[in-house]
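Student:
In my numbering, the protein residues as written are 141 to 493.
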């Protein structure tokens, strides 16, 4: 590239607005070497802007530059292409939209190209959230109506089964009746989840010690874990106060532990811990199962998404709703050494409360 062209490109990058732009901007010469890069682009690519200038971007290991930059340069140079656009490129855990356009001087000579990179991660997250909300709203009224219609006859059937049980002879009839009762309880649980999701009850906020609540939940869940050959351990000392609805938070913990126990399989292990995180308490439910693949992690909070043969995929949706109602949040992830971890974050109880 000639010195004259280089000076013109550098002059473009010296604009006072260049480094104040929210979008990442990079100017490349005809050989695809970086001439100017603003701070936003440097942050996106995690590079030092001073060191990056002069580098050929084709040699970088970013997916952004695997889009045949040199071929694009030739098309821009020849005038066969006047713009390039590619959306939703994942780089460093971010979603990026990329736009490229050629730079020409007053005599229409090709100087290089300007690349604009926009971080749309937050925007896409908000769009996904709206889609989930719309999806939930569409099925909400129908689901609530069906749940109410199912609950009334279900209550009647369960009542008659309780009356019938003592009259049945010992043997197969009693075994079949027990299976029927178990399935009826499962249906009742699903109906309750749907009603809670579509018409959540207002939390009954009280001062709650999370350590005590974890201890209580472990006592409830240990039998189920043992039946499946899973060791269930947890914190049993200290105090960690939050302002919460005790039963709703217990519901979240039960859901976490059930999922962890199911993921472990026989001879697995589930550990529940409570940790202090600045202004929050974190309840971690960790298992030594196979962990969660990326495609599952991306969908676990979608209504009716489930990897289990049984269930409706509402447990985590309801749990997320409860956490947010309490001013908290839920995170799911994997340990580097294997296994999954579900974390419930809740604000610590204010000392001035």
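For each residue, glycine too, the CB sits at the ideal point set by N, CA and C.
Given a cut-off of 8 Å on the beta-carbon distance, is the pair residue 414 and residue 462 in contact?
Tutor: Along the chain shown, read from residue 1 onward, the residue named residue 414 stands at position 274. Along the chain shown, read from residue 1 onward, the residue named residue 462 stands at position 322. No. Outside cutoff.
Student: Mind checking who residue 485 pairs with in its DSSP beta bridge?
Tutor: Numbered from 1 along the chain shown, position 345 holds the residue referred to as residue 485. DSSP, once it has assigned bridges, lists 422, 469 as partnering residue 485.
Student: Our contact map puts residue 440 next to residue 397 with C-beta atoms below 8 Å; I'd like the distance itself, whole angstroms only.
Tutor: Taking the chain shown and counting its residues from 1, one reaches residue 440 at position 300. Taking the chain shown and counting its residues from 1, one reaches residue 397 at position 257. Contact doesn't hold; Cβ gap of about 16 Å is too wide.
Student: For residue 209 versus residue 238, is the C-beta spacing smaller than 8 Å?
Tutor: As a working mapping, residue 209 is identified with position 69 in the chain shown. As a working mapping, residue 238 is identified with position 98 in the chain shown. In this structure, residue 238 does not lie closer than 8 Å to residue 209 by Cβ.
Student: Just to confirm my understanding: we take residue 161, look at its own chain, exclude 5 residues before and 5 after, and list those with CB closer than 7 Å. What are they?
Tutor: Working through the chain shown from its first residue, we reach residue 161 at position 21. Result list for residue 161: 178, 180, in chain order.
Student: Apart from the five residues just before and just after residue 290, which ones in its own chain have a Cβ nearer than 8 Å to its Cβ?
Tutor: Taking the chain shown and counting its residues from 1, the one referred to as residue 290 is at position 150. Around residue 290: 327, 331.
Student: Which residues in the same chain as residue 250 place their Cβ atom closer than 8 Å to its Cβ, once the five residues preceding and following it in sequence are excluded?
Tutor: One-based indexing of the chain shown puts residue 250 at position 110. Hits under 8 Å: 170, 216, 217, 242, 243, 244.
Student: Enumerate, from N- to C-terminal direction, the unbroken beta strand (DSSP E) stretches of 3 or more residues contained entirely within the region 317 to 389.
Tutor: Complete beta strand (DSSP E) runs here, min 3: 346 to 349, 371 to 374, 381 to 384.
Student: Label residue 459 either buried or exposed according to how many other C-beta atoms from any shown protein chain fall within 10 Å of its C-beta, with 16 as the threshold for buried.
Tutor: Walking along the chain shown from the start, residue 459 turns up at place 319. Buried.
Student: Return the first residue and the last residue of the beta strand (DSSP E) that residue 237 is part of.
Tutor: Position 97 of the chain shown, counted from the start, is the residue given in the question as residue 237. Segment 234 to 244, the beta strand (DSSP E) holding residue 237.
Student: Give every residue of the same chain whose Cβ lies closer than 7 Å to the Cβ of residue 143, excluding the five residues on either side of it in the sequence, and list them in chain order.
Tutor: Along the chain shown, read from residue 1 onward, the residue named residue 143 stands at position 3. Unreliable positioning characterises residue 143 in this predicted model, as indicated by a pLDDT of 49, which lies under 50. The coordinate reading is nonetheless provided below. Within the same chain, residue 143 has no close Cβ partners at all.
Student: Considering only the alpha carbon of each residue, which of 476, 489, 407, 427 lies closest to residue 379?
Tutor: By one-based count along the chain shown, residue 379 stands at place 239. Taking only the C-alpha atoms, the option nearest residue 379 is 489.
Student: Whose C-alpha, out of 236, 402, 342, 387, is nearest the C-alpha of residue 255?
Tutor: Start at 1 with the first residue of the chain shown, and residue 255 comes out as number 115. Nearest C-alpha to residue 255: 236.
Student: Tell whether a beta-carbon distance below 8 Å holds between residue 393 and residue 370.
Tutor: As a position in the chain shown, residue 393 is number 253, starting the count at 1. As a position in the chain shown, residue 370 is number 230, starting the count at 1. The answer is no: Cβ separation not under 8 Å.
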